[in-house]
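> Could you have a look at this structure, given as structure tokens, before my questions?
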Amino acid sequence: MASDWKRRSLSKIHTISCGRPSFNGEHSQIGGPGFSRLVFCNDPQCVEATSLNYETNYVRTTKFTVATFFPKALFEQFRRVANIYFLICAILSFTSLSPYSAVSTVFPFVVVVGVTMGKELLEDWRRKRQDIEVNNRNVKVHHGGGIFDCTKWMNLKVGDIVKVEKDEFFPADLILLSSSYDEGLCYVETTNLDGETNLKLKQALEATSNFNEDSWFQNFRAIIRCEDPNANLYSFVGSLEIDEQHHPLSPQQLLLRDSKLSNTDYIYGVAIFTGHDTKVIQNSTAPPSKRSKIERRTDKLVYLLFSVLVLLSFVGSIFFGIATREDLEDGLMTRWYLRPDDTTIYYDPKRAAIAAVLHFLTALMLYSYFIPISLYVSIEIVKVLQTIFINQDLHMYYEEGDKPARARTSNLNEELGQVDTILSDKTGTLTCNSMEFIKCSVAGTAYGRGVTEVERSMSQRKGSPLAQDITDEGGTIEVTGPPIKGFNFVDERMTKGNWLNEPRSDIIQKFFRLLAICHTAIPEVEEETGKVSYEAESPDEAAFVIAARELGFEFFERSQTSISLHELDPISGRKVERSYKLLNVLEFSSSRKRMSVIIRDDEGKILLLCKGADSVMFERLAKNGREFEEQTKEHIQEYAATGLRTLVLAYRELDEDEFNEFNEALTEAKNVVSADREGAIEAVAEKIEKELILLGATAVEDKLQHGVPECIDKLAQAGIKIWVLTGDKMETAINIGFSCSLLREGMQQIIINSDASEFKAHSAISEASKSSVLHQIKEGTELLTASSDSSEALALIIDDILQVARLVKVKIGKTILAIGDGANDVGMLQEADIGVGISGAEGMQAVMSSDIAIAQFRFLERLLLVHGHWCYRRISSMICYFFYKNIAFGFTLFFFEAYASFSGQAAYNDWYLSFYNVFFTSLPVIALGVFDQDVPAKSCLKFPFLYQEGIQNLLFSWWRILGWAFNGVFSATCIFFFCISTTEHQAFRKGGEVVGLEILGATMYTCVVLVVNCQMALSINYFTYIQHLFIWGSIAFWYLFLLAYGAMDPYISTTAFMVFIEACAPSPSFWLLTFFVMVSTLIPYFIYSAIRMRFFPMCHQVIQWISFNGQSEDPEYCHMVLQRSLTPTTVGYTARFEAKSRSRSEP
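Heads up: the sequence shown runs through residues 41 to 1187, numbered per our numbering.
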């Protein structure tokens, strides 16, 4: 805004009184441990400064450097036990112990590790590009002679004087020296730091505030002594020495890196912390590493398979040792073809024990195909593709804000399908965080006839009609004109100046005057229209100033020491301009729960105007200031019951001596150089904010987001428990619960709060709180026990949300999803198994700390019920199938080993073994993980109980895993014994030749490829052309590979040389055998699936059945299907309707 009033000292809302700095003994901190930093302002190249070797301003967020990429990336890869095992196998493949060639072992291992390392490199390169962009931003730096030239951020040094212009980010942590405002004031947006969109006010020291021209810095020199680099964003202790005078520095002068200059043309500052010393970098911690429960169980499966592998190797080595020892007995050779009389140590009957140990090592390598080497890579590929589908889902795109859903990590996709409990913030998550002034209580009289969403919900619960038009004594009040954001107040007694006719118009005048003055909002006046708008620290504060404006008290200008209003004069009935001298502002804080301003009016009176929470305001009222206390308390209870947020307004008049005494004490507290400076200021404010006179209370509404009740109803039908965490009053929280269908009439409420009378003694607060809460929990437990035999729904309402996220996660032990939109929700999002950030009005801190970002709460329904269900099902099926195909393949190797006296001879060619997991069976399983759908999205939303399969982990239970493992063993058994029994003694070719190892290996391998790929075709619910291509293409590719590989030189193809062209393809036995084995192996699974589908269907199979029969739109069939829900629905409007129906049917 370019209005003259901005340049005309729009400064110092937070008055910093002049006076000598008071170090009060705290000065000893400066220069001591933790306070040793020394900054030579405007002289960073001096000898003293260069000897300190402070950090440069270059920032690196990458995980690797050129030098550390290979060691670090390899370390990451070999943290997985499976990769260490494969590395050992690769090393041993160069020895005589190896049952296959070294190249065939090393190649797939290098490919898998290389792909994963490549993914890490790609992700780090993206971070590198961001670093390059940030480090190469330009900022104006003083280079002498009063000249400021552009310099890259990374070249900035401690002590440099910088000039930052409007809407630019601060390149380092700066001490504010001056600004475009006369008193060195500037406004800072800290969205990138704490997620808050409200502007923060910063104030330069008086000693430097007049340095507002470039030329002033030509000969500027100063020394700053301050605290060492630390992660605390909200504290700072230091001093500035200029002209041999020491001035205390506080957070009021600190401008943090990555915050942005707003509503200020420019500022000058000196860099005190650069690069990794800056508070935002010091404060940035790596987000907690989260792994899904399926991934953790997969690790256990790998360990289990490895145990099976070791067991088989151990058993085989024992049998091999026994057979080897008996190879040469009484001069007779049992296995004469091994020449035990003239052999190596590996088959020496005289050293059978050593041979058994060496065979154990060989078997460990041979059975390595039990462990799916490409499992983790395939899962990562699938998860990345799944996140693309989530990001591109138009049904989760918020057009109004142009915000799509964004999965910020792919590690937790399947976890979205197993959420047991949701922890949700209320403000900005369930609600819009767009406050509207709707009601107020002034002088004991309630004003405002608006109807809130909670009131509408309450009227529906009670069955009483609620008129759409707002009436008063039979007359309809007509609301004209366009809606005003932040103002939804309707009452003809107040609007259009009618408040002048009210009995206590003097109190009403003071009430709205307080709203127009007691704030830190910034007015913006459009030069063309003269319309005033406001930038405020919170939506509540903006609503108050707008309400005052609409009711005749327009705040339009703020200067260094005054606030100006256009007021409706009670005597003349016209608007007049009045200016109030601003003496002090006592800021709002979470501990104070109130805000005050001290002003001098045009009559010379000194007034303290205060607004705050009723819990701290009523106790500060004077005896003669409680005239309307009872009526106001009743109104506050009524407002809270309708879901409104309330504040109490009061004032008092100060005499000159009292104010002067307070002002001196406040000045002394502000000038203290101490980490407890804020505490000292609050202690002084506490003494003046008393003996107040009550004016009334305000009530603002934060409306529910569109679709919240419907979303909660669907999630409840899915069996998900929902907890709403809010700092509102108990009554407000309960009624918000009713309005969003989280609570309903007839639900037994168990209320746990920390409102104990014994809390009055400060020293006993902790023990009293613990004792009281434990007592209430005991009573609630007894109530639960008494109600265990009934189906009565219970609501647990807790008034202490501290550590709730951690408590629920630890005690429940199931998947917890937290959803929030503000910086205060970050801890909850990081503590939960899944953190979902709402990209709403409270900045991006929650989004930046989340795993998944969505724009509206209602999108959670599709995220969980559709994408969560699909991802859980796909990943579960994919992993089960992976272990199935590897068990099937591995046991054919084991059976052949047993058939061949555990000689260590592999049944298959080396490259058959290597390419099994890489080419012939990997693509179909990836297609399964990306595209398979048991039911379409419409059915997922129509039948939410389907989600309960994931909550109870039915698709990845140990029984299901063991079932697939048994199927793998059964398939291997059929393949091996059918192949052996049909080829062992029969002629295989026209010339009467019998089968050799190379033909048996090719035939068995063909059967394995056919069986596992056709098993995939039977398991898929939803075919796409890609799945057809991958399944049948993998089979076709095997035949093409066998043809091409067999045509190569025998030195390369070894046992595969011409095996397909000359032996297998011309033989009818080959084609008949492979077809017979495939059908015989798959028929049992087909019969089992058919019986399961017909007589014992799972939830998704029931939905498939009625959809196939065209009954999915039949209400009777749909109701029958919904009755299969595994858990009763007790929350949501569906549960409310069913409860009402049951109550009517009961006599």
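The beta carbon of each residue, even a glycine, is placed where N, CA and C say it ideally should be.
Being a predicted model, the structure only gives us computed values, none of them experimental.
Starting from the N-terminal side, write out each stretch of the alpha helix (DSSP H) that is 4 residues or longer and does not extend beyond the stretch 315 to 389.
Those alpha helix (DSSP H) runs which fall completely within the stretch 315 to 389 and span 4+ residues are 319 to 323 and 333 to 365.
> Please identify the residue among 684, 1114 and 934 whose C-alpha is closest to the C-alpha of residue 478.
Of the listed residues, the one whose Cα sits closest to residue 478 is 684.
> If the criterion is Cβ atoms closer than 7 Å, does the pair residue 392 and residue 356 meet it?
Result no, Cβ atoms of residue 392 and residue 356 do not sit closer than 7 Å.
> So the candidates are 217, 601, 460 and 677; which of them puts its Cα closest to the Cα of residue 289?
It is 217 whose Cα lies nearest to the Cα of residue 289.
> Run the CB neighbour count on residue 1012, radius 10 Å, all protein chains shown included, and call it buried at 16 or more, exposed below.
Classification of residue 1012: buried, given that the 10 Å Cβ count is 16 or more.
> Between the beta-carbon of residue 453 and the beta-carbon of residue 426, is there less than 7 Å?
Yes, these two residues count as a Cβ contact at 7 Å.
> Go to residue 189, then tell me how far its beta strand (DSSP E) extends in each direction, as first and last residue.
Counting along the chain, the beta strand (DSSP E) containing residue 189 begins and ends at 188 to 192.
> Can you name, in chain order, every residue of its own chain whose Cβ lies under 6 Å from the Cβ of residue 176, other than the five neighbours on each side?
Same-chain partners within the cutoff: 192.
> For residue 1088, is the classification buried or exposed, using 16 other Cβ atoms within 10 angstroms of its Cβ as the cut-off for buried?
Exposed, because fewer than 16 other Cβ atoms sit within 10 Å of the Cβ of residue 1088.
> Does the structure place the stretch 440 to 447 close enough to the stretch 750 to 757 that three or more beta carbon pairs sit under 8 Å?
Counting Cβ pairs under 8 Å, fewer than three are found: no touch.
> Is the stretch 969 to 983 touching the stretch 900 to 917 in the sense that three or more CB pairs, one from each, lie closer than 8 Å?
In short, these stretches touch, since the Cβ pair count reaches three.
> Please state the DSSP three-state secondary structure of residue 81.
Residue 81: strand per DSSP, three-state reduction.
> Can the beta-carbon of residue 1070 be found less than 7 Å from the beta-carbon of residue 963?
Yes, they are a contact pair.
> Mind checking which residues open and close the beta strand (DSSP E) that includes residue 308?
Here the beta strand (DSSP E) through residue 308 covers 306 to 313.
> Please classify residue 624: is it buried, with 16 or more other beta-carbons within 10 angstroms of its beta-carbon, or exposed?
Buried.
> Go to residue 485, then tell me how far its alpha helix (DSSP H) extends in each direction, as first and last residue.
Per DSSP, residue 485 belongs to no alpha helix (DSSP H); it is in the beta strand (DSSP E), 485 to 487.
> Please state the DSSP three-state secondary structure of residue 205.
Looking at residue 205 - three-state DSSP - the assignment turns out to be strand.
> With a 10 Å radius around its C-beta and 16 neighbouring C-beta atoms as the bar for buried, classify residue 541 as buried or exposed.
Exposed, because fewer than 16 other Cβ atoms sit within 10 Å of the Cβ of residue 541.
> How would you call residue 266, buried or exposed, if buried means at least 16 neighbouring beta carbons within 10 angstroms?
Flag for residue 266 reads buried.
> In this structure, how does DSSP classify residue 416 when only helix, strand and coil are distinguished?
Residue 416: helix per DSSP, three-state reduction.
> Given this structure, state the Cα-to-Cα distance separating residue 162 from residue 1024, to the nearest angstrom.
In a straight line, the C-alpha of residue 162 is about 52 Å away from that of residue 1024.
> Quick check on the burial criterion: 16 or more other C-beta atoms within 10 angstroms. Buried or exposed for residue 743?
With 16 or more other Cβ atoms within 10 Å, it is buried.
> Excluding the five sequence neighbours on either side, which residues of its own chain have a C-beta within less than 8 Å of the C-beta of residue 474, listed in chain order?
Result list for residue 474: 525, 526, 579, 742, 743 and 881, in chain order.
> Please confirm whether residue 1096 has its beta-carbon closer than 7 Å to some beta-carbon of chain B.
Absent here is chain B; the protein component of the structure consists of one chain.
> Should residue 153 be labelled buried (16 or more other beta-carbon atoms within 10 Å of its own) or exposed?
Classification of residue 153: buried, given that the 10 Å Cβ count is 16 or more.
> Looking only at its own chain, which residues have a Cβ that is under 7 Å from the Cβ of residue 129, when we skip the five neighbours before and after it?
Answer for residue 129: 145, 405 and 408, listed in chain order.
> Out of 1053, 248 and 1142, which has the shortest C-alpha to C-alpha gap to residue 283?
The residue with the shortest Cα to Cα distance from residue 283 is 248.
> What does a CB cutoff of less than 8 Å around residue 1005 pick up in its chain, not counting 5 residues either side in sequence?
So the qualifying residues of the chain are 923, 924 and 927.
> Under the three-state reduction of DSSP, which class applies to residue 611: helix, strand or coil?
Coil.
> What residue from 936, 673 and 635 has the CA that sits closest to residue 726's CA?
Selected option, being the one with the closest Cα: 635.
> Quick one: any contact between the stretch 134 to 149 and the stretch 203 to 216, if contact means 3 or more CB pairs under 8 Å?
No: fewer than three Cβ pairs fall under 8 Å.
> What three-state label does DSSP hand residue 475 in the structure shown?
Three-state DSSP puts residue 475 in a strand.
> My guess is that residue 314 and residue 212 are in contact by the Cβ rule of under 8 Å, so how many angstroms apart are they, rounded?
Confirmed, Cβ separation roughly 5 Å.
> Can you check which of these residues, 416, 674, 633 and 710, is closest to residue 915 by C-alpha distance?
If we check each option's Cα against that of residue 915, 416 comes out closest.
> Which same chain residues end up closer than 6 Å to residue 182 when comparing Cβ atoms and leaving out the 5 residues on each side of it in sequence?
Closer than 6 Å at the Cβ level, and outside the excluded window around residue 182, lie 188, 201 and 257.
> Any idea what DSSP makes of residue 445, helix, strand or coil?
Residue state, collapsed to three classes: coil.
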